[in-house]
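Numbered by our numbering, the letters in the sequence shown go through residues 395 to 642 in order.
Presented below is the structure to which this report refers.
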Amino acid sequence: MIDAHIHLDQYKENDISTLLEEAEHVIAVSMNLPSCEKTLQLSKAYAKVKAAFGFHPEQPLPSDAEADALFDWIRQHAHEMVAVGEVGLPYYLRQERAIDDRPYVALLERFIVLAKELNKPIVLHAVYEDATIVCDLLEKHRITQAHFHWFKGDTEVIERMISNGYFISVTPDCTYETEIQQLIKKYPIELMMVETDGPWPFEGQFGNKRTSPWMMDHSIEVIASIKGLTTQEAARIITRNTTTFYNL
Ligand SMILES: [Zn+2]
Numbered sequence: 395m396i397d398a399h400i401h402l403d404q405y406k407e408n409d410i411s412t413l414l415e416e417a418e419h420v421i422a423v424s425m426n427l428p429s430c431e432k433t434l435q436l437s438k439a440y441a442k443v444k445a446a447f448g449f450h451p452e453q454p455l456p457s458d459a460e461a462d463a464l465f466d467w468i469r470q471h472a473h474e475m476v477a478v479g480e481v482g483l484p485y486y487l488r489q490e491r492a493i494d495d496r497p498y499v500a501l502l503e504r505f506i507v508l509a510k511e512l513n514k515p516i517v518l519h520a521v522y523e524d525a526t527i528v529c530d531l532l533e534k535h536r537i538t539q540a541h542f543h544w545f546k547g548d549t550e551v552i553e554r555m556i557s558n559g560y561f562i563s564v565t566p567d568c569t570y571e572t573e574i575q576q577l578i579k580k581y582p583i584e585l586m587m588v589e590t591d592g593p594w595p596f597e598g599q600f601g602n603k604r605t606s607p608w609m610m611d612h613s614i615e616v617i618a619s620i621k622g623l624t625t626q627e628a629a630r631i632i633t634r635n636t637t638t639f640y641n642l
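Laid out in structure tokens, this is it:
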């Protein structure tokens, strides 16, 4: 299996090599410039690790100088990454306190333009109503290679994303979240990947366990049963989707 979205730089050094034994490849996304640098090192140390460089939206914005430094760095290292990411909009931060969305949207648009310039896919953190704003931006810049990781949203935006050929990925929470099971029902398997978003912790049978790629086997079982496929068929389709999308 390929883990289509993991924060590998947030794991303990000692855990990384054993974790990687469980996956064929991992798409290691970045939070900010120090995280990009660490992710780049990991991709050089381990052939299975494919790097994505970006700025996670659920945190305070960078200063203009910090943002410029990050964009310069990404351009310099574009040949060492498979995608721009993780980028998006601060849905969960907004639930905690009032924030001005405009600079977040502006920063995201810069990343979308960068992905276009570098001809790379983009990894998006954009759930619920944010997905509509992100679809507007992607359509404005004619982006076709978009991956909405751990996606959640309403039927209208789901239909829009499907017709644009955007990909989603599901986490191990699909084993216990009916909202995600409904999404799997609606979304074509040809546009689906699996991920852990590790080290993010999961509940249910995964409670108190270190998040790791083996958990995706359980996600595949859920997808297979909803789609009426064998687990082997579902795994084959999803692996092929990820390999093709990230050009692995
Ligand atoms: Zn993430």
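For every residue, glycine included, the Cβ atom is placed at its ideal position computed from N, Cα and C.
{"query": "Burial state of lysine 534 (16 or more Cβ within 10 Å)", "result": "exposed"}
{"query": "In chain order, each alpha helix (DSSP H) run of at least 4 residues that lies wholly inside the segment 572-609", "result": "572-580"}
{"query": "Alpha-carbon spacing of glutamate 597 relative to proline 428, whole angstroms", "result": "30 Å"}
{"query": "Nearest to tyrosine 498 (by Cα), restricted to the options His541, His450, Ala477, Ala463", "result": "His450"}
{"query": "Nearest neighbour of valine 476, chosen from Arg554, Val551, Ala540 [CA to CA]", "result": "Ala540"}
{"query": "Candidates Ala492, Asn635, Gly482: closest to glutamate 503 by CA position", "result": "Gly482"}
{"query": "Segments assigned beta strand (DSSP E), at least 3 residues, entirely inside the segment 529-553", "result": "540-543"}
{"query": "Of the residues Ile556, Ile506, Pro566, the one placed nearest isoleucine 537, counting alpha carbons only", "result": "Ile506"}
{"query": "Residue environment, lysine 514, which counts as buried when at least 16 other CB atoms sit within 10 Å", "result": "buried"}
{"query": "Residue interval of the alpha helix (DSSP H) (run including isoleucine 506)", "result": "496-512"}
{"query": "Serine 457 classed as buried or exposed, judged by whether at least 16 other C-beta atoms fall within 10 angstroms", "result": "exposed"}
{"query": "At least three beta-carbon pairs within less than 8 Å, the segment 541-549 to the segment 596-611", "result": "no"}
{"query": "Buried or exposed by the 16-neighbour rule on C-beta atoms within 10 Å, applied to aspartate 397", "result": "buried"}
{"query": "Sheet register partners of valine 476 (DSSP bridge)", "result": "BP columns for valine 476 are empty, so no partner."}
{"query": "Rounded separation between isoleucine 631 and histidine 419 - CA only", "result": "15 Å"}
{"query": "Residue burial classification, proline 566 (beta-carbon count within 10 angstroms, cutoff 16)", "result": "buried"}
{"query": "Residue nearest to lysine 579 in terms of C-alpha spacing, selected from Met425, Ser557, Thr590, Ile552", "result": "Ile552"}
{"query": "Near ligand 1: valine 443 beta-carbon under 7 Å from a heavy atom", "result": "no"}
{"query": "DSSP bridge partner residues for alanine 446 (one or two, in chain order)", "result": "Ala477"}
{"query": "Counterpart residues of isoleucine 421 in DSSP-defined beta bridges", "result": "Lys444"}
{"query": "Leucine 577 and tyrosine 560 closer than 8 Å at C-beta", "result": "no"}
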